[in-house]
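One structure is given here, and the rest of the page talks about it.
And the structure:
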C-alpha cells in the first residue's frame, strides 16, 4: 500500500468513486501534467453532508468538516487522474475555497482549513499549496462549501 | 470554413470583435500555449443582455442564456488569441462561472450549463472542461453572470 | 537598483516581508516557472487597511486603495518567489479580484483597478494581465478586497 493510501487508511477514509461526468463538463482535466479539478461539493454517499450558510446556523466546525469532504472528493478525482496511483501526485498547487456565508461572517479561513489541513495530512510536503478563501452568496444545491483544485502529476 | 466556424454558422452565431483592452488589463493572455481569458460579461452589441440576481426576478433560463452570451465572448477572445484560426484550440481546460444570486438560490449549475453546453456543442471533444460554479453577491454593471476560462492552444 | 525596484521607490513603496506561512497552506507555490499566489488581503503592518462592504459604507476610492495594498502584498510574495530579484518576472498572467459587496453594488472593476493599475505601473508591459472581478458576500477578517494572482517567472 502506498504512503498516501496508507495515510488515508490510518484516518479510516475510503476514497469514493467520483460522480459520473454531468452534461458538457467533467470532474477534472489533465493537460501537460497539470490536473484542474472541478469545484467539489461536500457530497458523501450521494447526498450533501452540510447545507446552509456559515453565519446563519452552520458552525465553523461543521463548515470545516464539509470542506474536508470536498477535499476527499478532490482526491477521488485525483485518483482517477492518476490512473489509480496517487503516488504520481507531484504537488497540490492551489485550492480555491468558496464558503456560502452571510455578509457578517469572517472566519472563512478556518472553514477552508478543513480542506487544507486534510490535504497536508495526506500528501505531506506535496500537499503544501497556495489558496484563496472567499465568502459567496450561495452554492449549488445549498451546499455550505465548494473547493476546486490544481495539481501537478508525473 | 473550419469545423468550429461551421458549427457556429449552423447555430446562426457570429463571433463578435472582442471589446478593446481597458486600463491595465486585457481580455486574454497567452503564455506557453495556455490562454487565460478574463471574466466575460453577457455583453452583446455593447449592452448587457441580462442584469439582476438569480433568485430575485431572473429565471434559470434567462441566466443560462446570459451564460451562453458570456461563452460567445470567450470564443471571441479565443479567436484573437488564435490569430483568427480557432482550429488551433487544443482543449477548453476550465470554465469559472459566477452567478449573481440571492442566498436561497441553488441552481447555479443549470445557469452555467448555458456556457458549458455551448462550448461543448461548438468544440466537441475539445470542449469538455473542468468547472466551478458559484453564487456571488453581485457582478460588474449588475450583470447576472460572469464566466472566465482557460484553454490550451497549438 | 532594478527597474521594478526603482519604480517602487519612485512611488515611495517598500515591499514588505510577506506574512509567515499559516497552517497547511503557503503564500505562493512555484511550479514549472508559474507562480500561483494565494489570495492576498489588504494587510499593512499586520492590520487590515480596509474592512467592510462596498455599497455599505466603503467608497470605490477606499476599495481601490485596499486593492493596491493587496497588490503590494502580491509583489511581496513574488519577491520571495524570485529569490529577491523581481526582474525575473516574465509576466503577470492573471489577477483574480474579490470585492466584498452588497447586492446592489456594481463598480467592482473600478475597485480592482486599484490592483491592476498598480501592477501595470510597476511592471510595465510585463504587468498587462487577464482578470476576473466579482462581488462576494464576505471576506476573511471582514476585509473589503482580496486579490489572487498567477505569474510567469524565468
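Residue numbers (the working numbering), protein chains in the order written: chain L, 1 to 154; chain B, 1001 to 1154; chain E, 2001 to 2154.
Even glycine gets a Cβ: it sits at the ideal position worked out from N, Cα and C.
- Looking at the DSSP output, residue 1103/B bridges to nothing.
- Among the residues of chain E, none has a CB under 8 Å from the CB of residue 36/L; the nearest is roughly 12 Å distant.
- Counted as a single uninterrupted DSSP element, the stretch harbouring residue 1058/B is not any alpha helix (DSSP H), since DSSP gives it neither H nor E.
- With fewer than 16 neighbouring CB atoms inside 10 Å of its own CB, residue 1003/B falls in the exposed class.
- Collapsing the DSSP output to three states places residue 2038/E in a strand.
- For residue 46/L, no beta strand (DSSP E) segment is defined, and its DSSP state is neither H nor E.
- The criterion of a C-beta distance shorter than 7 Å is satisfied by residue 130/L and residue 2038/E.
- At a cut-off of 7 Å, the C-beta of residue 2139/E has a neighbouring C-beta in chain L.
- Around the Cβ of residue 2146/E, a 10 Å sphere holds 16 or more other Cβ atoms; the residue is buried.
- Within its own chain, the residues whose Cβ lies closer than 7 Å to the Cβ of residue 2152/E, once the five positions on either side in sequence are excluded, are 2033, 2034, 2090, 2091 and 2093, listed in chain order.
- Approximately 20 Å separates the beta-carbon atoms of residue 18/L and residue 12/L; this is outside 8 Å, ruling out the contact.
- In this structure the region 115 to 132 of chain L does not touch the region 1119 to 1128 of chain B; the number of beta carbon pairs closer than 8 Å is below three.
- Using a CB distance below 8 Å, the part of the region 101 to 114 of chain L facing chain E consists of 101, 102, 103, 104, 105, 106, 107, 108, 109 and 113, ordered along the chain.
- Around the beta-carbon of residue 1063/B, 16 or more other beta-carbon atoms lie within 10 Å, marking it buried.
- Of all residues in the region 2121 to 2152 of chain E, only 2121, 2127, 2128, 2129, 2130, 2131, 2132, 2133, 2134, 2135, 2136, 2137, 2138, 2150 and 2152 come within less than 9 Å of chain B when Cβ atoms are compared, listed by chain position.
- At least one CB atom of chain B sits nearer than 7 Å to the CB of residue 2116/E.
- With respect to the C-alpha of residue 117/L, the residue from 134/L, 66/L and 48/L having the closest C-alpha is 66/L.
- A direct Cα-Cα distance of roughly 34 Å separates residue 1119/B from residue 14/L.
- Contact with chain B is absent for residue 33/L, since none of that chain's Cβ atoms lies less than 7 Å from the residue's Cβ.
- Just measuring C-alpha positions, the residue of 2010/E, 2103/E and 2114/E sitting nearest residue 2056/E is 2103/E.
- Residue 2082/E and residue 42/L have their C-alpha atoms roughly 37 Å apart.
- Not one beta carbon of chain L lies nearer than 7 Å to the beta carbon of residue 2060/E.
- Counting only Cβ-Cβ distances below 7 Å, residue 2088/E has no contacts in chain B at all, with the closest Cβ about 15 Å away.
- Counted as a single uninterrupted DSSP element, the beta strand (DSSP E) harbouring residue 1146/B occupies residues 1145 to 1153.
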